[in-house]
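Under my numbering, think of the first position of the sequence shown as 98, with each following residue one higher.
Quick reminder that beta carbons are idealized off the backbone N, C-alpha and C, glycines included.
So the structure is just underneath, and the comments pick up after that.
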Amino acid sequence: EATPRNQAPTPNRGDLPLPASKASLQSPAASFDALPSLSDLGIPEPVDDPRAVMRFQGGETAALARLKHYLWDTDCLAKYFETRNGMIGPDYSSKFSPWLAHGCLSPTLVAGE
């Protein structure tokens, strides 16, 4: 039997060390101001696939919104046994996998909810 460990506290802004100056970074392309857009990198914007069950937005904010929706707003977990094999539609399963795989959602947080 596995017991999840306690979740580590989220660091506060300023808790993690940063380089003393931007000049000390080795890559001149690095910036603290903003991430480049896909077009800045020469990559075309993704096209939505009409076969997709839902549009996945990356990041922790989207992951937490999905967690809230699935567990609390719609109470889909209560119907999971009846719907789990349907797989077509956004609420037939949690659809947490992309966020878990990329570290945007913690398994410990999901278990704690």
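Integer Cβ distance of residue i from residue j, believed to fall under 8 angstroms
i                 : j             : result
phenylalanine 193 : leucine 202   : 6 angstroms
leucine 164       : glutamate 210 : 6 angstroms
valine 150        : proline 187   : 6 angstroms
Residue i, enclosing alpha helix (DSSP H) - first and last residue
i          : result
lysine 165 : 157-165
DSSP three-state assignment for residue i, whether helix, strand or coil
i             : result
threonine 180 : helix
valine 207    : helix
serine 194    : helix
cysteine 201  : coil
aspartate 137 : helix
leucine 113   : coil
leucine 168   : helix
Counted within 10 angstroms of its Cβ, other Cβ atoms place residue i as buried (16 or more) or exposed
i            : result
serine 191   : buried
alanine 160  : buried
tyrosine 167 : buried
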